[in-house]
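Throughout, the working numbering is defined as the position within the sequence shown, counted from one, plus 4. What follows is a single structure, written as C-alpha cells, with notes after it.
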Amino acid sequence: MKKLIILSLAVLSLTACKQTVTPTIHTPWAYDATIYELNTRQFTPEGTFAAAEAELPTLKALGVDIIWIMPIQPIGEITRKGSLGSYYSIKDYCAFNPEFGTREDFVSLLNKAHELDMYVILDWVANHTAPDSKWTENEGWHYRDSLGNLMVQYDWTDISKLNYNNQDMREEMLKSMRWWLDSIGIDGFRCDVAMEVPTDFWNWAFADLKKDYPGLFALCEAEHPENELTIEAFDMYYGWTLHHLMNDVAQLKKPVDSLWAYFDGKALEFPDYAIRMNFTSNHDENSWNGTEFERMGGASDAMAAFTYVIPGMPLIYTGQEYANNHRLEFFEKDCIERNHTHHFMMYQDLNRLRKQNPALWSNELGAPLYRIECDNPAIFACARVLNDNTVLGIFNFSDKEQTFTLQTADYQGDYTCICGMPVTLQEEDIITLKPWEWLIYSNK
5 MKKLIILSLA VLSLTACKQT VTPTIHTPWA YDATIYELNT RQFTPEGTFA AAEAELPTLK
65 ALGVDIIWIM PIQPIGEITR KGSLGSYYSI KDYCAFNPEF GTREDFVSLL NKAHELDMYV
125 ILDWVANHTA PDSKWTENEG WHYRDSLGNL MVQYDWTDIS KLNYNNQDMR EEMLKSMRWW
185 LDSIGIDGFR CDVAMEVPTD FWNWAFADLK KDYPGLFALC EAEHPENELT IEAFDMYYGW
245 TLHHLMNDVA QLKKPVDSLW AYFDGKALEF PDYAIRMNFT SNHDENSWNG TEFERMGGAS
305 DAMAAFTYVI PGMPLIYTGQ EYANNHRLEF FEKDCIERNH THHFMMYQDL NRLRKQNPAL
365 WSNELGAPLY RIECDNPAIF ACARVLNDNT VLGIFNFSDK EQTFTLQTAD YQGDYTCICG
425 MPVTLQEEDI ITLKPWEWLI YSNK
C-alpha cells in the first residue's frame, strides 16, 4: 500500500484558521515552469542587456520558462561596496543601470523573451534604497537615528531602511511597481527580503496591481509562514529550510530520512497553493557560501535532479547549466565559467521531463509525493502519481555504492529512464547505485 506524504495538500491548522480570503490562483504558465535567475553583470563577458538577449534562444533550448532578472536599476554611489556596487542598493526605481544598457535595450530583451514564450520577472527591492536616492529627501520616508542619520540593517552599509509607517512612501512604491508593468511590460516580481516589509503592504499592493494584471507572478525571498506572505500576495516562496537540509544530507551531516521528516512536517506550514522554490544555488549561496559543487560535492547532480522530482518549482542560477564552479564576485565584474560538461543536457532533460509529465507540475495541478519503501537508509525513493501518469525518483544519497530492494508492487510496469532507456519494474526489484547516483523513471 502506498504511504502518502501529504505535501502541500494540507495547511497547518493555525494558518488555516487565520485564512479568510480566497486562495491565490496562479497564472497558468507557472505550473509546469522552471525559473532561471539571470545575473546580468556576470552572465556574459559584456554584462549587458544586449548580450543577454543574444543568449535567450539558448535558455529557451535549455527549457527555461521564467527569467528572474536581478535588479537592473541605477546603483547608489554613497558608501557603495566595491567598484560597481550591489544591485540591491537602488538609487532610482524607475530607471536603468547604464552598466547594463538603456531602456530600449531592456525592452528589446523583454520582447525577445516574450517572442520565445518566456516570461520575465524583475527583482524588486522594497525594503530599502541607496542612501543617495532622491527618496531620502522626503521627510519620514526612511528610518533615522536620534541624530537624524539614515539607518542601515545588518552589515548592509550601502542601503537605507524605508519606513512603511509613511503612507506617501507606500503610494510611491506602488506607483513605481506599476510603472514597470504599465510602461515596460514585465510579468511579475521577485521581492527581496519580503519578510522585512509589512505583509499588509504586499497584500494591498498586489491586490491593486492584479486588478489590471491578473496574471502577475510574485516570488517572495522569504520562508516565514507567520508573516502569511503566501496567503494573499505571493505565489511562491523560498525553500530555504529544505535547501539547508539538502546541503547537510550531501555533507553526510544528516540522514536521508530527515528529508522525509521535512515533508511530514515543515512543508505543511504553508497553504496548499503556495509554491515552494527548490534550488541548489542562487546568487546569495554562490557568492557567500560557495557553489553547489563546494557545498554538495559529489551529490550536486543528484540534488539538482531531486529539486525536479519533489513538489515545487525548480530554480537554475546563472551558470549552473555550464557547471560554473566559481564564486562570483558580488560587487565587481566576474563572468561565469562556461564549462562543456553534461550539465546543460542534464538540465535540458529534467526540464523536458517536468514539462511533459503533469505529475511533476506544481501544487494543485501536480501530484502528491509518495514514499517508496526501501530496505536501505541511504536511499531516497519516491513517486509522483497523477491519474495514469507516474514518475519515480530513486537517489543514492551516500558516498558509497548501495544495493537495495524497493517495494515496487504498486509501481510495476514499463518505464523510460530520463536517459531514454526502457525499464520494466517487478514487484520487488534489487537495484545497485554508485555513490550519489540517481534514477528517474517515467511511464509516459
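Note that beta-carbon positions come from the ideal geometry of N, C-alpha and C, so glycine has one too.
Spatial distance of residue i from residue j (CA atoms)
i      : j      : result
Met300 : Ile434 : 27 Å
Arg84  : Phe334 : 12 Å
Val124 : Ala254 : 32 Å
His330 : His347 : 15 Å
Phe399 : Ile70  : 27 Å
Tyr217 : Glu405 : 52 Å
Ile29  : Ala198 : 20 Å
Phe310 : Val68  : 17 Å
Thr26  : Ala371 : Annotation note: pLDDT 39 at Thr26 (below 50); position unreliable, coordinate value reported separately. For Thr26 and Ala371, the distance between alpha carbons rounds to 22 Å.
Glu273 : His228 : 9 Å
Asp276 : Asp36  : 16 Å
Lys438 : Gln157 : 46 Å
Glu336 : Phe408 : 48 Å
Asp353 : Leu120 : 19 Å
Ala303 : Leu263 : 15 Å
Arg194 : Cys224 : 6 Å
Lys95  : Ala134 : 5 Å
Glu81  : Ser164 : 13 Å
Lys258 : Ala382 : 11 Å
Whole-angstrom C-beta distance between residue j and residue i, which should lie under 8 Å
i      : j      : result
Met74  : Asp136 : About 20 Å; that fails the 8 Å criterion.
Asn282 : Leu249 : About 11 Å; that fails the 8 Å criterion.
Asn393 : Asn343 : Not really, about 34 Å apart at Cβ, beyond 8 Å.
Gln411 : Glu377 : 4 Å
Phe100 : Ile76  : 6 Å
Arg388 : Val313 : 7 Å
Phe47  : Ile340 : 7 Å
Tyr321 : Asp196 : Contact doesn't hold; Cβ gap of about 16 Å is too wide.
Beta-ladder partner(s) of residue i, from DSSP
i      : result
Phe100 : Phe100 is not bridged to any residue.
Trp442 : Phe399
Met240 : Leu223, Ile279
His146 : Leu166
Met317 : Met281
Phe384 : Phe399
Residue from the options whose Cα sits closest to the Cα of residue i
i      : options                        : result
Gln324 : Val313, Thr345, Asp338, Leu213 : Thr345
Thr52  : Glu81, Glu103, Ile29, Tyr92    : Glu103
Met177 : Thr161, Lys138, Cys423         : Lys138
Phe205 : Ile163, Leu233, Ala271         : Leu233
Lys270 : Glu230, Ala413, His118, Leu185 : Glu230
Gly294 : Ala382, Glu119, Leu332, Ala130 : Leu332
Leu213 : Val201, Glu141, Gly189, Met181 : Met181
Gly316 : Glu289, Val260, Phe193, Glu368 : Glu368
Ala56  : Thr31, Asn142, Ala117          : Ala117
Leu390 : Asp403, Trp365, Asn380, Ala413 : Trp365
Any non-hydrogen atom of the ligand PLP closer than 7 Å to residue i Cβ
i      : result
Trp206 : Among the components modelled here there is no ligand, and therefore nothing to report on the ligand PLP.
**Touch test, the stretch 149 to 169 against the stretch 106 to 125, Cβ-Cβ under 8 Å, three pairs minimum** = Three or more Cβ pairs closer than 8 Å define a contact, and the stretch 149 to 169 falls short of that threshold against the stretch 106 to 125.
**Message:** Is it the case that the stretch 266 to 280 contacts the stretch 234 to 241, given that we only count it when at least three CB pairs across the two stretches are under 8 Å?
**Reply:** Counting Cβ pairs under 8 Å, three or more are found: they touch.
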